[in-house]
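Student:
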Amino acid sequence: MIPLLKMQEHCEAYALWHLAVDRGWLPPAGNLLLHADHHDDLGYGPYWHNFEEPVTNAQQARAFAEKALGIADFIVPAFWDGIFDEMINFTSIFESPEQVQKNVVFCANPHQLNFRELIPLIDGDAIKNHDPRYRVVTCRKLSLSPIAAPDKPVVLDVDLDYFCWDHSLSTGVPARMEVTRDSYEEFCSNPLHPWRITARRMLFAEQEDGRYYIVLREPPLRKRDTRDELVLRRLDKFVAWLEQNGIRPAVIDVCRSSLSGYCPADRVEWIEQELLQRLTALYGLLDEQGW
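If you use our numbering, the sequence shown corresponds to residues -18 to 272, in order.
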């Protein structure tokens, strides 16, 4: 049976991939990540972590993830660790031809990973000389177009927002923290408060029933389209593509993304059930695992 790993939000994936290595479901290096998601999740940058100290097991990975990772920057550290040297980024619900690009992850300083297209003039010597600060990753972007069956172990990483997304985040868990009245009034009265001069204005103050809160709120974006027939059609097309292209994963992970609101909370149970029914029909019984 294929191991199945479930998660609430995608920042958990990094540690679960290390768990798959620890339990022998994946080799420690050279795997392919098939990432089906409405977002590419290839964010990167400074992290609250020292990359000169390698992550060597799942417990270390979990501690790092809980301390430093968000829901859109968890893949590049897995490239750095060597778990994946190839990725298929499956973000569109419409058929699109394959685009292939060689990328590098390099450690600019102990706390900084950079990720970009490989530039031979700049990166060639470092790669030729096996510079330990560099990793090379093949990134393939496609959707529903034919490919050759992979010749290496595959992790099928599915975010349910690929099938049904809501950029308005209207059903996500309210992101707010209670503060004192003094802190609330300081935030409201000072237009140059440190939390009001961030790159994008996403923190606001509210009061309710005599209590005071700082609230994280995304700018309003277009809302969802959760019509059953659209979601089912997307599920059918995706699973048919897996079958037609000989994709048999070593591990499957499924992310719900409903706490953040990217997958509507009132639809997520149904979407997950429909996906797992189709994957079970294709691959046989799945072996649900966890910590």
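The beta-carbon is built from N, C-alpha and C at its ideal position, and this holds for glycine as well.
(1) Pull up the distance between the alpha-carbon of L240 and that of L184, whole angstroms please.
(2) Distance check for V86 and D109, CA to CA, integer angstroms please.
(3) What does DSSP give as the partner residues of H16 in its beta bridges?
(4) For the beta strand (DSSP E) containing I(-17), list its first residue and its last residue.
(5) Given this structure, state the Cα-to-Cα distance separating A180 from R162, to the nearest angstrom.
(6) Within 8 Å of any Cβ in chain C, is that where the Cβ of Q82 sits?
(7) Does the stretch 113 to 125 come into contact with the stretch 78 to 96, if we say contact requires no fewer than three beta-carbon pairs (one atom in each stretch) closer than 8 Å?
(8) Which residue marks the beginning of the beta strand (DSSP E) containing K133, and which one marks its end?
(9) Tell me whether L7 sits in a helix, a strand or coil according to DSSP, three-state version.
(10) Taking the beta strand (DSSP E) that R162 falls in, what are its first and last residues?
(11) Does the distance from the C-beta atom of S238 to that of D104 stay below 8 Å?
(12) Run through DSSP, which three-state label would R214 get?
(13) Could you say which of L216, L99, P155, A107 lies nearest to C120 if we only look at CA atoms?
(14) Can you give me the start and stop residues for the beta strand (DSSP E) that P58 sits inside?
(15) Can you tell which of W176, Y165, P172 has the C-alpha that lies nearest to the C-alpha of G191?
(16) Would G11 be called buried (16 or more neighbouring beta carbons within 10 Å of its own) or exposed?
(17) Is the beta carbon of V136 closer than 8 Å to that of D66?
(18) Excluding the 5 residues flanking R43 on each side, which residues of the same chain have their C-beta closer than 7 Å to its C-beta?
Tutor: So, to answer that:
(1) 18 Å
(2) Residue identity differs from the one stated: residue 109 is Lys in this sequence, not Asp. Distance between the alpha carbons of K109 and V86 is about 15 Å.
(3) N70, D138
(4) -17 to -12
(5) 26 Å
(6) Checking the listed chains, one finds no chain C in this structure; it contains a single protein chain.
(7) yes
(8) That residue, K133, is in no beta strand (DSSP E); it is neither H nor E in DSSP.
(9) coil
(10) First-last for R162: 162 to 170, but that is the alpha helix (DSSP H), not the beta strand (DSSP E).
(11) no
(12) helix
(13) L99
(14) Run containing P58: none in the beta strand (DSSP E); it sits in the alpha helix (DSSP H), 56 to 62.
(15) Y165
(16) exposed
(17) no
(18) A(-4)
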